[in-house]
Ligand SMILES: C[S@@+](CC[C@H](N)C(=O)[O-])C[C@H]1O[C@@H](n2cnc3c(N)ncnc32)[C@H](O)[C@@H]1O
Ligand code: SF4
């Protein structure tokens with residue numbers, strides 16, 4: 474018997490509010506203008522501090538409203554014309570309407586505000602580089618439609634894919650690959666069998682990884698291999714049944730840093746901004762100043778981006794990472810670079826690690842956790858009593874939370890730096906050096 478399905482309830486659509494005039498006071502870290510109307514906070518997409526704008530409420534809440542900018546009555550002196558034609562719709566960038574130096578100022582203020590309880594007096598140092606053409610990795614979405622296909626990124630205010638012709642934050646070689654791909658995919662049988670495409674640029678050149686949603690014929694695969702050869706691109710395929718593409722050891726990727734070579738699978742984590750990564754690792758070596766008496770833990774170590782440079786300078790280094798495949802890559806990278814003072818361990822750092830860490834005589838700890846931070850592992854770090862902790866963070870609020878915990882347990886913030894890894898976006902990366910308080914007092 475056929476089951477009757479309940480009629481789908483359409484989502485409740487809120488009626489649009491009237492267009493009203495707002496004075497914009499400040500900017501959220503997600504680049505929304507903050508204004509008040511009759512005392513109620515309103516977040517206005519696209520509005521800048523100091524501006525008088527007209528906006529229409531699109532979502533009314535109990536505590537705040539969200540509104541769309543309809544007209545700028547008085548513009549901010551820091552407003553600029555976005556360089557990318559897709560900026561209004563594309564969810565990839567949020568700050569292109571704000572001058573580069575003001576973007577940095579906004580990020581500095583946001584980071585300072587987050588760290589006010591632990592580093593109120595610390596001078597905020599800065600690492601930054603080119604405002605565009607910095608992304609050496611990107612994930613492109615593909616959506617096949619009757620009338621053609623969409624290739625691009627998710628939209629700002631919807632999950633829909635926005636058709637992108639050129640993305641200015643990609644490195645120049647990736648922009649060329651993107652354009653060539655877009656041309657070749659038009660009307661090609663592959664288009665309806667691909668969900669995502671991953672682009673990568675490193676010391677090996679550029680690569681394209683197709684994440685297939687359905688198997689494809691060998692002849693089609695051969696056709697694309699020929700395309701890749703013509704465009705000097707390495708091609709990888711992730712089959713619909715695979716969680717990661719199968720890649721032969723001879724086809725692994727490589728990048729270089731600090732005179733070292735790092736080999737990795739094209740889907741392993743690597744830092745997206747190559748220049749900033751070089752500056753960041755150099756700064757970490759400078760601040761932590763590893764020497765031949767230091768025993769150092771590199772937590773959340775990936776394929777050894779910090780562990781190997783540390784191992785060039787320290788007595789002993791242990792890198793810990795949850796992904797077995799990256800731990801294995803770290804070990805191979807140590808061999809590749811003939812570094813024998815570094816070991817790697819696979820462990821989940823949301824749990825205590827039973828590897829006798831407190832007996833190692835650890836002097837310094839470097840940690841670079843994901844956005845969620847490292848709260849669960851902080852007690853384990855404190856137990857080891859390192860003299861210094863270098864915290865690399867991609868989320869200022871979890872950094873602030875973790876730093877407050879460490880400060881309460883006897884550490885003191887000595888240096889903080891904003892690292893502008895992702896210009897034009899609201900992402901804030903930071904580095905913080907903490908010293909054991911007794912050490913600072915010379916006890
Ligand atoms: C921000 S990346 C940093 C990687 C590396 N330090 C680098 O610079 O390339 C964070 C790393 O933490 C790892 N990770 C995430 N959750 C983890 C966990 N619970 N335990 C251990 N490692 C974890 C990820 O696999 C990733 O490699
Ligand atoms: S991510 Fe690329 S396409 Fe999207 S707005 Fe930024 S520069 Fe333009």
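In our numbering, the protein residues as written are 474 to 916. Backbone N, C-alpha and C fix where the C-beta goes; we use that ideal spot for every residue, glycine too. Remember, it's a predicted structure, so these values are computed and weren't measured experimentally.
* Just the Cα atoms here: how many angstroms apart are residue 656 and residue 862? -> 49 angstroms
* Asked: Where the beta carbon is closer than 5 angstroms to any heavy atom of ligand 2, which residues qualify, in chain order?
  -> 557, 559, 560, 563, 565, 566, 637, 640, 641, 642
* Along the chain, which unbroken stretches of the beta strand (DSSP E) at least 3 residues long are found entirely within the stretch 751 to 826? -> 768 to 772, 789 to 794, 815 to 819
* State the Cα-Cα distance for the pair residue 894 and residue 753, rounded to the nearest angstrom. => 9 angstroms
* Same chain, Cβ closer than 6 angstroms to residue 494, five either side skipped, listed in chain order -> 527
* With a floor of 3 residues, list each beta strand (DSSP E) that falls wholly inside the stretch 661 to 726, ordered by position along the chain. => 667 to 675, 678 to 685, 706 to 711
* To do: Indicate the three-state DSSP secondary structure (helix, strand or coil) for residue 894 in the structure shown.
  => coil
* To do: Compute the minimum distance between the beta carbon of residue 605 and the heavy atoms of ligand 1, and state whether it is under 7 angstroms.
  => no
* How about residue 771 and residue 800: are their beta carbons less than 8 angstroms apart? -> no
* To do: Say yes only if the C-beta of residue 795 is nearer than 7 angstroms to one or more non-hydrogen atoms of ligand 1, and no if none qualify.
  => yes
* Exposure of residue 532, with buried meaning 16 or more beta-carbon neighbours within 10 Å -> exposed
* Asked: Should residue 822 be counted as a contact of ligand 4 given a C-beta to heavy atom distance under 7 angstroms?
  -> By its list of ligands, the structure shown excludes ligand 4, since it contains just ligand 1 and ligand 2.
* Asked: Can you name the start and end residues of the beta strand (DSSP E) that residue 874 belongs to?
  -> Element bounds for residue 874: not the beta strand (DSSP E) but the alpha helix (DSSP H), 869 to 881.
* Asked: Using 8 angstroms as the Cβ pair cut-off and three pairs as the minimum, do the stretch 621 to 630 and the stretch 578 to 586 touch?
  -> no
* Asked: Considering only residues of the same chain and omitting the five flanking positions on each side of residue 447, which have a CB-CB separation below 7 angstroms?
  -> Only positions 474 to 916 of the chain appear in this structure, which leaves residue 447 out of reach.
* Is residue 842 near ligand 1, going by C-beta to nearest heavy atom under 7 angstroms? -> yes
* To do: In the DSSP assignment, find the beta strand (DSSP E) that holds residue 500 and state where it starts and stops.
  => 492 to 500
* Note down, in chain order, each residue of its chain lying with its Cβ closer than 7 angstroms to the Cβ of residue 518, except the 5 sequence neighbours on either side. => 505, 541, 542
* For residue 837, which residues of its own chain have a beta-carbon under 6 angstroms away from its beta-carbon, when the five flanking residues on both sides are left out? -> 761, 767, 769, 859, 861
* Indicate, with yes or no, if ligand 1 has a heavy atom lying under 7 angstroms from the CB of residue 778. => yes
* **Check: residue 773 C-beta below 7 angstroms from any heavy atom of ligand 1** => yes
* Asked: At what residues does the alpha helix (DSSP H) containing residue 527 begin and finish?
  -> Run containing residue 527: none in the alpha helix (DSSP H); it sits in the beta strand (DSSP E), 525 to 533.
* Asked: So what does DSSP say about residue 565, is it helix, strand or coil?
  -> coil
* Between the C-alpha atoms of residue 717 and residue 711, what's the straight-line distance to the nearest angstrom? -> 6 angstroms
* Asked: For residue 817, is the beta carbon positioned less than 7 angstroms from some heavy atom of ligand 1?
  -> no
* Measuring from the CB of residue 799, is there a heavy atom of ligand 1 at a distance below 7 angstroms? -> yes
* Asked: What span of residues does the alpha helix (DSSP H) with residue 918 cover, start to end?
  -> In the structure as shown, the chain starts at 474 and stops at 916, and residue 918 therefore has no counterpart that could be examined.
* **Assigned secondary structure, residue 508 (DSSP; H/G/I helix, E/B strand, else coil)** => strand
* Nearest to residue 547 by CA position, among 746, 523, 556, 843, is which residue? -> 523
* Is any beta-carbon of chain D found at less than 8 angstroms from that of residue 810? -> Absent here is chain D; the protein component of the structure consists of one chain.
* To do: Provide the residue span of the alpha helix (DSSP H) that contains residue 854, from first to last.
  => 848 to 857
* Asked: Hey, residue 839 and residue 878 are a contact pair by Cβ (cut 8 angstroms); roughly how many whole angstroms apart?
  -> With 8 angstroms as the limit, residue 839 and residue 878 do not qualify as a contact, their Cβ atoms being about 17 angstroms apart.
* Asked: When the distance is taken between beta carbons, is residue 614 closer than 8 angstroms to residue 669?
  -> yes
* Asked: At which residues does the beta strand (DSSP E) containing residue 618 begin and terminate?
  -> 610 to 618
* Per DSSP, what kind of secondary structure is residue 650 in: helix, strand or coil? -> helix
* When the distance is taken between beta carbons, is residue 727 closer than 8 angstroms to residue 675? -> yes
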